[in-house]
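2 protein chains.
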Amino acid sequence: MSAKRILIVEDEKPIRDMVAFGLRRAGYEVAEAEDCREARARIADQRPDLMLVDWMLPDMSGLELTRTLKRDRDCEDIPIIMLTARAEEQDKVGGLEGGADDYMTKPFSPRELLARIQAVLRRAAPGGGEDVIEFDRLRLDDSSHRVSCGEEEIALGPTEYRLLHFFMTHTERVFTRGQLLDRVWGGNTYVEERTVDVHIRRLRKALEPSGLDRLVQTVRGSGYRFSNRDA
Amino acid sequence: MSAKRILIVEDEKPIRDMVAFGLRRAGYEVAEAEDCREARARIADQRPDLMLVDWMLPDMSGLELTRTLKRDRDCEDIPIIMLTARAEEQDKVGGLEGGADDYMTKPFSPRELLARIQAVLRRAAPGGGEDVIEFDRLRLDDSSHRVSCGEEEIALGPTEYRLLHFFMTHTERVFTRGQLLDRVWGGNTYVEERTVDVHIRRLRKALEPSGLDRLVQTVRGSGYRFSNRDA
DNA sequence: GGCCTTTGTCACGCGACTGTCACATCGGGC
DNA sequence: GCCCGATGTGACAGTCGCGTGACAAAGGCC
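Rendered as structure tokens:
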């Protein structure tokens, strides 16, 4: 799991710096913006996993920004935590009505901020879906992280597991090495494309004892495909 | 036993205040939310032991919220009492079908509410009857806070006890360190994730003399799992 | 106050995993 | 059959995740 990206939208530099410092020390990747216009630029090029948005901003209120983002299909699932100096109930209501996922009133302790960030990220992360995926004698249970064929357990390394998981949710379709790197390794990592070959090899080796390595098919010149119909 | 946490989800502030006041006076810890979105935030960071959910809510009906929560593995065991202004049988049916554990029609007396809360908590918590959990030679008696394997008593510290208790009620499933911190330590504490490793270690050491440390399994890159099938 | 238990953090070390390379092998076009 | 690019395969070194013991701070108990 790579570091989560957090975007801070806050016009007062001291506060921004302090928060950024704390977050970086906690292992997050931090981007900063001091108004809504800059925020949009950062959203576009950084794709943050979470945003901290100040209530009062020079060009547009933070609430307005939040409301707009939550209406944008590309951004609606970026969780937002509002920061407000006012403790009034009124603002709390406004923040959450505007679509923020949580809010905090200044001053707040770094510890509390980190806790809320974790909570919000944790909530956003798990996509609700079927836990057990089956395909041609193969069975993958994502909640217990087990792969099996009949009664036989199949041991996989983390990357091979993710690779197989991706294939089992995207069968019968060819993926280039670049696409696999994107989807399995993560968009911003850079590794040699041939690395994919090696992990394909490792996955096949793990499936071989069950005779299921035939599911991982090479499409010469294009990439790989996961299918039970013979190539 | 620390004070039970109750989350009130109700959009009408007067009612919310009144109920909260009554519950606090009865010794409960109370959190409030006025819509579903806020409710989710509070669930994540407070981990309530019980929820009171209004039938009509601004963003999503309480019934919808209930149904969603009961389908979420992380929340399914939080008991829910629905509050409704309509006395029709229809609602009662709908509420219970949606997964609520009980329901009350407004207006209700504080006394009645407290009684139902106690009843639901008793039923959910291992207080009334089902307070012994067994799993593969391990036996955990929650009422006497004892853990044993056969005739052998196993001594555990408080945190290790809670950790084991959580595992025994959620077997065969991988939990990240973050999730464990959430569920065993409590949603709003912030400690290093590696602290989990240390307590896992302590739990394993305690289980080792009985040869049961194999139940606590590491899933490299993901977290930990409690299972008797070999890794 | 002293003693003991519990708890969170750290540093060290090992082993598993990962990315890369070099070489073997394959498959298609001529 | 030959050539050449694409893919399979084994080996290797660096990295990273995790286990482990130690330790200091905090709290309960006498």
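Heads up: the sequence lines are chains A and B, in that order.
Under the numbering used here, the residue at position 198 of the first sequence is numbered 228, and the numbers go up by one with no gaps.
Under the numbering used here, the residue at position 139 of the second sequence is numbered 169, and the numbers go up by one with no gaps.
Note that beta-carbon positions come from the ideal geometry of N, C-alpha and C, so glycine has one too.
Bear in mind that the values here come from a model prediction, so they are computed numbers and not experimental data.
Could you tell me the distance, in whole angstroms, from the CA atom of residue i to the CA atom of residue j?
| i | j | result |
| --- | --- | --- |
| P78 of chain B | L194 of chain B | 20 Å |
| K43 of chain B | F51 of chain A | 38 Å |
| M48 of chain B | I38 of chain B | 11 Å |
| A63 of chain B | A149 of chain B | 23 Å |
| E59 of chain A | Q76 of chain A | 10 Å |
| Y254 of chain A | S91 of chain B | 46 Å |
| D227 of chain A | R169 of chain A | 23 Å |
| I36 of chain B | A61 of chain A | 37 Å |
| E190 of chain A | H200 of chain B | 26 Å |
| M198 of chain A | A185 of chain B | 44 Å |
| P140 of chain B | R207 of chain B | 40 Å |
| P156 of chain B | D171 of chain B | Reliability of the predicted coordinates at P156 of chain B is poor, the pLDDT of 49 falling under 50, and no value is obtained from them. |
| E183 of chain B | R203 of chain B | 26 Å |
| P88 of chain A | E94 of chain A | 12 Å |
| G251 of chain A | T225 of chain B | 48 Å |
| R192 of chain A | A115 of chain A | 43 Å |
| F205 of chain A | V162 of chain B | 51 Å |
List, in chain order, every chain B residue whose beta-carbon is nearer than 8 Å to that of residue i.
| i | result |
| --- | --- |
| H175 of chain A | V204, V249, S252, R255 |
| P188 of chain A | R250, G251, S252 |
What do you reckon, is the C-beta of residue i under 7 Å from a heavy atom of the ligand NAP?
| i | result |
| --- | --- |
| E182 of chain B | The ligand NAP is not part of the structure shown, which contains no ligands of any sort. |
So, under 8 Å CB-CB, residue i and residue j are touching, yes? Tell me the CB distance rounded to an integer number of Å.
| i | j | result |
| --- | --- | --- |
| R232 of chain B | G180 of chain B | The Cβ separation is near 21 Å, so there is no contact. |
| F256 of chain B | L242 of chain B | That pair is no contact at about 10 Å. |
| A130 of chain A | I111 of chain A | 7 Å |
| L80 of chain B | L151 of chain B | 6 Å |
| A145 of chain A | Y220 of chain B | 5 Å |
| V214 of chain A | F196 of chain A | 5 Å |
| D84 of chain B | E142 of chain B | That pair is no contact at about 17 Å. |
Would DSSP call residue i helix, strand or coil?
| i | result |
| --- | --- |
| I163 of chain B | strand |
| F205 of chain A | strand |
| Y220 of chain B | coil |
| D131 of chain B | coil |
| E106 of chain A | coil |
| F197 of chain B | helix |
| R244 of chain A | helix |
| L170 of chain A | strand |
| L87 of chain A | coil |
| R77 of chain B | coil |
| L143 of chain B | helix |
| D260 of chain B | coil |
| R176 of chain B | strand |
| E182 of chain B | strand |
| R213 of chain A | helix |
| R97 of chain A | helix |
Report the neighbours of residue i on chain B: residues whose CB is nearer than 7 Å to its CB, in chain order.
| i | result |
| --- | --- |
| D132 of chain A | A71 |
Which residues of chain A have a Cβ atom closer than 8 Å to the Cβ of residue i, listed in chain order?
| i | result |
| --- | --- |
| F180 of chain B | Here residue 180 of chain B is Gly; the residue named in the question, Phe, does not match the sequence. Near G180 of chain B there are no residues of chain A at all, since even the closest Cβ is about 27 Å away, more than 8 Å. |
| R18 of chain B | The structure shown has nothing for residue 18 of chain B, since chain B only spans 31 to 261. |
| R213 of chain B | Correct list: empty, because the minimum Cβ distance to chain A is about 11 Å. |
Given that residue i touches chain A, what residues does it touch there, using C-beta distances under 7 Å?
| i | result |
| --- | --- |
| R244 of chain B | Those do not exist, as R244 of chain B stays about 14 Å from chain A at its closest Cβ, beyond 7 Å. |
| R231 of chain B | Those do not exist, as R231 of chain B stays about 20 Å from chain A at its closest Cβ, beyond 7 Å. |
Find the residues of chain A that neighbour residue i, judging by a C-beta separation of less than 9 Å, and give them in chain order.
| i | result |
| --- | --- |
| R141 of chain B | Near R141 of chain B there are no residues of chain A at all, since even the closest Cβ is about 29 Å away, more than 9 Å. |
| R167 of chain B | Per Cβ cutoff of 9 Å: no residues; R167 of chain B is ~20 Å from chain A at best. |
Practice prompt. At 3 residues or longer, and completely inside the segment 41-73 of chain A: list those beta strand (DSSP E) runs for me, N to C.
Written response: 59-63
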